[in-house]
Amino acid sequence: MNDPQPQPQSAPTPAPAGPHVRVIQDHRVLREVRVTRALRIGRLPDNDLVIEDELVSGYHGRIERAGPGWRYTDLGSTNGSIVSAGPTLHAQESVPLDEDLQILLGKTVLDVRVQDGAAAAERTGAAEASLRPRVVAVLGGRRMRLPVKEPRAVLGRGPGADVVLDHASVSQRHCEIRREGAGFVVADLGSTNGTRLGVERLTAPRALPSGSHLILGEADLLFVHDGTPEPDAAAKLDRLVAQRRVGRAAAAAARRELQRGAGTLGEVLVLAGAFTPGAWVEAAAATQLEPEAAIRSRRRAVLAAVLLAGLAVLAWLLATR
8 MNDPQPQPQS APTPAPAGPH VRVIQDHRVL REVRVTRALR IGRLPDNDLV IEDELVSGYH
68 GRIERAGPGW RYTDLGSTNG SIVSAGPTLH AQESVPLDED LQILLGKTVL DVRVQDGAAA
128 AERTGAAEAS LRPRVVAVLG GRRMRLPVKE PRAVLGRGPG ADVVLDHASV SQRHCEIRRE
188 GAGFVVADLG STNGTRLGVE RLTAPRALPS GSHLILGEAD LLFVHDGTPE PDAAAKLDRL
248 VAQRRVGRAA AAAARRELQR GAGTLGEVLV LAGAFTPGAW VEAAAATQLE PEAAIRSRRR
308 AVLAAVLLAG LAVLAWLLAT R
């Protein structure tokens, strides 16, 4: 009688390595972590990954294993978790972490890189190559979108400039925009009229986030790129209409442009003539009110109007007695 032969055992499938997460604020990497277990993220000190950002909730989100892979889940945050090229996640909504992506939490970007050897490196390289930096320029009554070459581009009036701004107030080689890590930096090149980032005149290189306002002489510029997910553009547009900063016809045209992927909300509205770059930056900041604060403000306004109406009625009744 033959003894039964042992059957060959298949080697267990190794668990996939956890994602690598970089915490980025103002285009600076503040911290890097390799996820090996469930990672709770938020502003309170008992989180596994603490983020000092007033727009991040106490317990904002969690990265955890889900079957063979990993997922990010929003934990009911106030401002949501905005996924690059994807949805805005709210309470208990999640997204699989099966490819490189970025998630915006308040003013903080979580740059999530999957650990998949050559494939991850290939995706990382593709993501870094697809930021598409550009400026929307308002100059001499013209509005134009001009690409910014990576990793370095010179802006100026001269024929050697990569981004040509043909105006006497702009120097031949006025300033440069260069790629540094996950973001960009702007530096003045000794121009005659200076380079301003918003109201600040540059005396040293400065980080240049997407959505920045640049002034070169009389050239008014909005700098944007695709590396940072844009907060919910539709909701922001609704607020602008409610604030009467954008007309309904202009808003409808902007929605059509956004649906066909024509760019960020800011560049669409600036190109359409609804805003100058500086006015857009101010308007965008005004739409960042916390929802609860806006609701409380409206309630106070309604209450004040009711009280005034009641006093007017009372005064009328007293006057007619």
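Once you know that position 124 of the sequence shown is 131 in the working numbering, the rest is easy, because the numbers rise by one and skip nothing.
Ideal Cβ positions, reconstructed from N, Cα and C, are used throughout, including at glycine.
Span separating the alpha-carbon of leucine 315 from that of alanine 326: Here residue 315 refers to the residue found at position 308 of the sequence shown. Here residue 326 refers to the residue found at position 319 of the sequence shown. About 16 Å.
Tell me the rounded alpha-carbon separation between glutamine 109 and valine 119. Translated into positions along the sequence shown, residue 109 becomes position 102. Translated into positions along the sequence shown, residue 119 becomes position 112. Taking the straight line joining both Cα atoms gives about 6 Å.
What's the gap between the Cα of glutamate 129 and the Cα of glycine 285? By one-based count along the sequence shown, residue 129 stands at place 122. By one-based count along the sequence shown, residue 285 stands at place 278. Since pLDDT at glutamate 129 reaches only 46, below the 50 mark, its modelled position is unreliable, and no value is offered.
Starting from alanine 257, trace the beta strand (DSSP E) both ways and give me its first and last residue. For the purposes of this step, residue 257 is taken as the residue at position 250 of the sequence shown. That residue, alanine 257, is in no beta strand (DSSP E); its alpha helix (DSSP H) goes 255-266.
Which value, in whole angstroms, describes the spacing of the CA atoms of leucine 82 and methionine 151? Looking up residue 82 in the sequence shown gives position 75. Looking up residue 151 in the sequence shown gives position 144. Between leucine 82 and methionine 151, the C-alpha separation is close to 42 Å.
Quick one, are the C-beta atoms of alanine 45 and arginine 29 less than 8 Å apart? Within the sequence shown, residue 45 is the residue found at index 38, counting from 1. Within the sequence shown, residue 29 is the residue found at index 22, counting from 1. The answer is no: Cβ separation not under 8 Å.
Should glycine 218 and alanine 291 be called a contact, given that it needs their Cβ atoms to be closer than 8 Å? Along the sequence shown, one-based indexing puts residue 218 at 211. Along the sequence shown, one-based indexing puts residue 291 at 284. Yes.
Could you compute how far the alpha carbon of glycine 76 sits from the alpha carbon of aspartate 195? To locate residue 76, count along the sequence shown from 1; it is residue 69. To locate residue 195, count along the sequence shown from 1; it is residue 188. Glycine 76 and aspartate 195: Cα-Cα distance of roughly 46 Å.
List the whole-angstrom C-beta distance separating arginine 185 from proline 158, where the pair is believed to meet the contact cut-off of C-beta under 8 Å. In the sequence shown, residue 185 corresponds to position 178, counting from 1. In the sequence shown, residue 158 corresponds to position 151, counting from 1. Contact flag correct, Cβ pair sits at about 6 Å.
Between which residues of its own chain and aspartate 60 is the CB-CB distance below 6 Å, once the five residues before and five after are set aside? Counted from its first residue, the sequence shown places residue 60 at position 53. The residues are Gly113, Lys114 and Thr115.
Please list the terminal residues of the continuous beta strand (DSSP E) segment that includes glycine 49. As a first step, residue 49 is located in the sequence shown; it is residue number 42 there, counting from the start. From DSSP, the beta strand (DSSP E) with glycine 49 extends over 46-49.
Look up alanine 301 in the DSSP assignment and say whether it is helix, strand or coil. As a first step, residue 301 is located in the sequence shown; it is residue number 294 there, counting from the start. Interpretation of alanine 301 is limited by its pLDDT of 49, a score under 50 that renders its predicted location unreliable; no figure is taken from the coordinates.
Counting only the same chain and skipping the five closest in sequence on each side, list residues whose C-beta sits under 6 Å from that of arginine 43. Taking the sequence shown and counting its residues from 1, one reaches residue 43 at position 36. One detail in the question is off: residue 43 reads as threonine in this sequence, not arginine. The residues are Gly25.
By the 10 Å Cβ neighbour count, where 16 or more other Cβ atoms means buried, how is valine 206 classified, buried or exposed? The sequence position of residue 206 within the sequence shown is 199, counting from 1. Exposed, since its Cβ has fewer than 16 Cβ neighbours within 10 Å.
Taking 8 Å as the cut-off, decide whether the C-beta atoms of valine 275 and leucine 265 are in contact. Walking along the sequence shown from the start, residue 275 turns up at place 268. Walking along the sequence shown from the start, residue 265 turns up at place 258. Yes, these two residues count as a Cβ contact at 8 Å.
Can leucine 229 and valine 277 be called in contact, C-beta distance under 8 Å? Taking the sequence shown and counting its residues from 1, one reaches residue 229 at position 222. Taking the sequence shown and counting its residues from 1, one reaches residue 277 at position 270. Closer than 8 Å, so yes.
Do serine 84 and proline 236 come within 8 Å of each other at the CB atom, strictly closer than that value? Mapped onto the sequence shown, residue 236 falls at position 229. Mapped onto the sequence shown, residue 84 falls at position 77. It is not a contact, given that the beta carbons lie outside the stated cut-off.
Cα-Cα separation, glycine 124 to alanine 249: Here residue 124 refers to the residue found at position 117 of the sequence shown. Here residue 249 refers to the residue found at position 242 of the sequence shown. Here glycine 124 scores only 42 on pLDDT, less than 50, and its place in the model should not be relied on; the value that follows carries that caveat. Cα to Cα, glycine 124 sits roughly 49 Å from alanine 249.
In terms of residues, what are the limits of the alpha helix (DSSP H) holding glycine 273? Within the sequence shown, the letter at position 266 stands for residue 273. From DSSP, the alpha helix (DSSP H) with glycine 273 extends over 272-278.
List, from N- to C-terminal side, the beta strand (DSSP E) runs of 3 residues or more that fit wholly inside the stretch 37-79. 46-49 and 68-73
Considering only residues of the same chain and omitting the five flanking positions on each side of threonine 95, which have a CB-CB separation below 6 Å? Within the sequence shown, residue 95 is the residue found at index 88, counting from 1. Excluding positions up to five away in sequence, the list reads Gly87, Ile89 and Asp239.
For leucine 104 and leucine 117, the rounded distance between their alpha carbons: The residue labelled residue 117 in the question sits at position 110 within the sequence shown. The residue labelled residue 104 in the question sits at position 97 within the sequence shown. When rounded, the distance between both Cα atoms is 12 Å.
Within a Cβ cutoff of 7 Å, which residues of the same chain sit near arginine 41, ignoring the five residues on either side of it in sequence? Working through the sequence shown from its first residue, we reach residue 41 at position 34. Counting only Cβ-Cβ distances below 7 Å, and skipping sequence neighbours, we find Gly25 and His27.
Which residue marks the beginning of the beta strand (DSSP E) containing arginine 141, and which one marks its end? Here residue 141 is taken as the residue at index 134 of the sequence shown, counted from 1. 141-146 is the extent of the beta strand (DSSP E) around arginine 141.
Could you give the uninterrupted runs of the beta strand (DSSP E) lying entirely in the stretch 197-231, keeping only those of 3 residues or more? 202-204, 219-223 and 226-231
Determine the burial state of tryptophan 323: buried for a count of at least 16 other Cβ atoms within 10 Å of its Cβ, exposed for fewer. For the purposes of this step, residue 323 is identified with residue 316 of the sequence shown, where counting begins at 1. When all chains shown are included, tryptophan 323 counts as exposed.
What residue range is occupied by the uninterrupted alpha helix (DSSP H) comprising aspartate 195? Taking the sequence shown and counting its residues from 1, the one referred to as residue 195 is at position 188. Careful: aspartate 195 lies outside any alpha helix (DSSP H), inside the beta strand (DSSP E) at 190-195.
Cβ separation of leucine 244 and arginine 262, assumed to be a contact under 8 Å, to the nearest whole Å: Position 237 of the sequence shown, counting from 1, holds the residue named residue 244. Position 255 of the sequence shown, counting from 1, holds the residue named residue 262. With 8 Å as the limit, leucine 244 and arginine 262 qualify as a contact, their Cβ atoms being about 7 Å apart.
Check whether the Cβ atoms of valine 102 and valine 142 sit closer than 8 Å, and answer yes or no. Taking the first residue of the sequence shown as position 1, residue 102 is located at position 95. Taking the first residue of the sequence shown as position 1, residue 142 is located at position 135. No, these two residues do not count as a Cβ contact at 8 Å.
Nearest-angstrom Cα separation, counted from leucine 62 out to alanine 311: On the sequence shown, position 304 is the one that residue 311 refers to. On the sequence shown, position 55 is the one that residue 62 refers to. Distance between the alpha carbons of alanine 311 and leucine 62 is about 30 Å.
Just to confirm the assignment, what range does the beta strand (DSSP E) spanning leucine 162 have? Counted from its first residue, the sequence shown places residue 162 at position 155. Note, leucine 162: beta strand (DSSP E), 159-163.
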